[in-house]
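Remarks on the structure that follows.
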Amino acid sequence: MNYFIIGFYALLIGVSSLAAFYQKRTAFLLLFSLTLVSFVMGIVGGEGMLWSVTILAGLIAFSAGVSFSFREFLVILLPPDLAKTMRAAPLTAGFGLFVIFTYAISGIFAPIIAPYGEAEVISSAFAPADENMLLGADQLGRDMFSRIIYGARNTVGLALLATILAFAMGATAGLYAATVGGKLDQLLSRIVDVIMSIPSLIFSLLLLSIFGTNTVTLIIVIAIIYAPRVFRLARSVGGNVVVMDYIEAAKLRGEGNWYLIRKEILPNSSAPLIAEFGLEFCFVFLLVAGLSFLGLGIQPPTADWGSMVRENATLISFGEITPLIPAGAIALLTVAVNFVVDWMLYMSSGLKE
Amino acid sequence: MGDILNIIAKRLGLGLVTLLVISIIIFGAVELLPGDIAQAVLGQGATEENLAAMRAQLGLDRAAPIRYFEWLGNAVTGDFGKSLVSQTPVSEAIYTRFGNTLFLALYAAIIAVPVAIFLGVLVALYRNTVFDRVANVVTLTSISSPEFFLGYVLILFLAVKGEYFPAIAKISDDMSLMDKLDRTFLPALTMVLVVVAHMMRMTRASIINLLASPYVEMARLKGVPAWKVIVKHTLPNAWAPVINVVALNLAYLVTGVVLVEVVFVYPGIGQLLVDAVTKRDFPVVQACCLIFAATFILLNLAADVGSILTNPRLRHPK
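Sequence order for the protein chains is A and B. When you line the first sequence up against the numbering used here, it's residues 1 to 353, in that order. When you line the second sequence up against the numbering used here, it's residues 1001 to 1318, in that order.
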């Protein structure tokens, strides 16, 4: 028993008692279960474990603070009607928006932010961190920090391009199939069924083994694999809109299919499609990262998070966290996008009821 | 009963057709190679004689449809041809490795399924409380993390910092079951983390859907105790969606295993596939893809059949 442990439990129990006294049910439940959990963890893992719990709690409190201020910042900046929705957004959505914003900035301004070039060898292999290199050097002596910043541009950029292509193909074909119907609809739907019955990672491995791995093939292959998901959604959403009276009216006016899709159907099915775009981006991003991790995605010397994990993986066995940083960067962005999508889905389902 | 068998037979037939189409895609994709296999393997510098010899050896001088039916016929009997790199039969390498992959997937499933269903029901009962929100954030994080991130985090904390489990899951046939279970614990745990999160969310959603239905409200209003509402009214109707959720996640387990196998250097079929793709060893790639696709379709079929069996309404399609 030392002061840290005594202080740790005294604080937790004290604050949860206070919460109970002031009838703050939620806070009490949370704090008291944290106390119970740390009992178990303290017995199993000792003082070190309690420190990790403290640090973790601090991190969560910090990110909650950041998300809160970022949300307030957006509320002030945005026009009144958007600000109203923003004010009601959960903290997780604020956190997601903040992370996406940070990634976008570091991706767009990568050459200005990064102290070194992405392929620039500046020291010996696996050199530890010093005042020049924030995160140390990688397996060839390149600056890890610079490569992570450039990775935001390369990995996210590629995933974004592939998602946009998949979306353009899937949504156009889906809405068109919903408008026209008949044989074409049946044919496209059967093709989509077959593509979706092959697991995506396996299918992309098959295609990449044949067409080789360069950036353009990669984008096209991924777009082909993920377009069917968009197609299905777009077709079912579009199918609900096509039966409306105003579509009938537009048809009687003599408008063409292309006009119907662009001016009548698309604006009325945009909400679920935008949420799907976020989800789709997560899937594509994870697939790109996975392929790069397997050495089949973005090729060196281009800085890319997936391949950075693989190249530095040996460091794990020495207890270094270096390979976890790019992997964590991938996880963080996907979590952030998912948080925002969750919020948008909640809003769109709430508005319907 | 005849009705059910009829519907199930129809589903199986549909699955078989899908599998046939996929086998055509897998075979046809290799035919799309610029040049042909011989050209791709031997490279630009190959002489005309070498190419001709290779083509004769692989039987490329015959028409593609004939070779497809030969390949398919052999594949059905378990013969996938010879590897281009090692010149040994592909099936030899695949059998033990596929067994290993199934072992890992089964191991993860046995831990994951009960935990996920239990937690999913619990979270559905206590929905919109703090626990539900915490569970929502945690599962979302776990789903969003790439498998290799979770894998390396587990290695760092459970194998390197605290030496509880081995970081590399090398197993062989002559090891005892306990040894195998110990060696493969970390890869199994990685998959459990991802799959539990998925299953929990899906179970929660389907239970909440059921709890909102009128007959549950009716039961509540007539004064049935809460636990009885769950056990007698909700659970019998929840089996269909839950079985569906489990089967879909098992399908994920078998195919999502590729990345986990590479992280933990596990001798499974996913690792074999990745190696073959890097070496452009097409017979192995084709064989692995066919096996993965077949497993995936089979488990999806199981999900369909399971939900038909447990949901009488689906037995009488309109």
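Backbone N, C-alpha and C fix where the C-beta goes; we use that ideal spot for every residue, glycine too.
Burial is judged here by how many other beta carbons sit within 10 angstroms of a residue's own beta carbon; I13 of chain A has fewer than 16 and is exposed. A303 of chain A places its beta carbon 7 angstroms or farther from that of G157 of chain A.
Of the candidates B:V1284, B:G1270 and B:A1075, the residue whose Cα lies closest to the Cα of G290 of chain A is B:G1270. The segment 124–142 of chain A makes no contact with the segment 196–210 of chain A; the number of CB pairs closer than 8 angstroms stays below 3. When secondary structure is reduced to three states using DSSP, V1085 of chain B falls in the coil class, being assigned neither helix nor strand.
Between the alpha carbons of L175 of chain A and F1296 of chain B lies a distance of about 29 angstroms.
Interface with chain A (7 angstroms Cβ-Cβ cutoff): A1205 of chain B is excluded. CA-to-CA, the gap between S33 of chain A and A1116 of chain B works out to about 20 angstroms. For the pair of segments examined, the segment 1263–1279 of chain B was found to touch the segment 1178–1193 of chain B: the number of CB pairs separated by less than 8 angstroms reaches three. By alpha-carbon distance to A1124 of chain B, the top candidate from B:V1257, B:L1140 and B:L1210 is B:L1210. With contacts defined by Cβ atoms closer than 7 angstroms, A1197 of chain B and I1143 of chain B form a contacting pair. Residues of chain A whose Cβ lies closer than 9 angstroms to the Cβ of I1022 of chain B are, in chain order, V194, S197 and I198. Take A89 of chain A, set aside five residues on each side of it, and the residues of its chain with a beta-carbon closer than 7 angstroms to its own are R71 and W343, in chain order.
When secondary structure is reduced to three states using DSSP, V121 of chain A falls in the strand class.
Unbroken alpha helix (DSSP H) stretches of 4 residues or longer found wholly inside the segment 208–242 of chain A: 215–242, given in chain order.
At a C-beta separation below 9 angstroms, T1278 of chain B has these neighbours in chain A: S209, L294, G295 and L296.
Apart from sequence neighbours up to five positions away, the residues of its chain that approach V121 of chain A with a beta-carbon distance below 7 angstroms are L140, G141 and R142, ordered along the chain. For the C-beta of I1269 of chain B, not a single chain A residue is nearer than 8 angstroms; the gap to the nearest is close to 10 angstroms. The beta carbon of N268 of chain A sits closer than 7 angstroms to those of V241, all from its chain and outside the five residues before and after it, given in chain order. Residue nearest to V1153 of chain B within the set A:P326, A:N338 and A:P79 is A:P326 (criterion: CA-CA distance).
Only residues of its own chain outside the window of five on either side were considered, and among them G306, V309 and R310 have a CB closer than 6 angstroms to the CB of F293 of chain A, listed in chain order. Under the three-pair Cβ rule at 8 angstroms, the segment 253–261 of chain A does not count as touching the segment 189–196 of chain A.
According to the DSSP assignment, F70 of chain A belongs to the alpha helix (DSSP H) that extends over R25 to L77. Shown here, D143 of chain A sits in a strand according to DSSP, grouped into three states.
Secondary structure of A162 of chain A (DSSP, three-state): helix.
Boundaries of the alpha helix (DSSP H) harbouring E1092 of chain B: V1090 to L1125, taken from the DSSP string.
Among the CB atoms of chain A, one or more fall inside 7 angstroms of the CB of T1018 of chain B.
DSSP places S1206 of chain B inside the alpha helix (DSSP H), whose first and last residues are F1185 to L1211. No Cβ of chain B is located within less than 7 angstroms of the beta carbon of I164 of chain A.
In the displayed model, A10 of chain A falls within a helix according to three-state DSSP. A distance below 8 angstroms between beta-carbons, with the five flanking residues on each side excluded, links T155 of chain A to the following residues of its chain, in chain order: F285, V288, A289, S292, I298, D304, W305, G306 and I330.
Closer than 7 angstroms to the CB of L91 of chain A there is not a single CB belonging to chain B.
Less than 7 angstroms divides the Cβ of S67 of chain A from the Cβ of F95 of chain A. Approximately 14 angstroms separates the beta-carbon atoms of L1248 of chain B and A1105 of chain B; this is outside 8 angstroms, ruling out the contact.
At a cut-off of 7 angstroms, the C-beta of N338 of chain A has a neighbouring C-beta in chain B. Within the same chain, and ignoring the five residues on either side of K1180 of chain B in sequence, the residues whose Cβ sits closer than 8 angstroms to its Cβ are F1103 and I1171.
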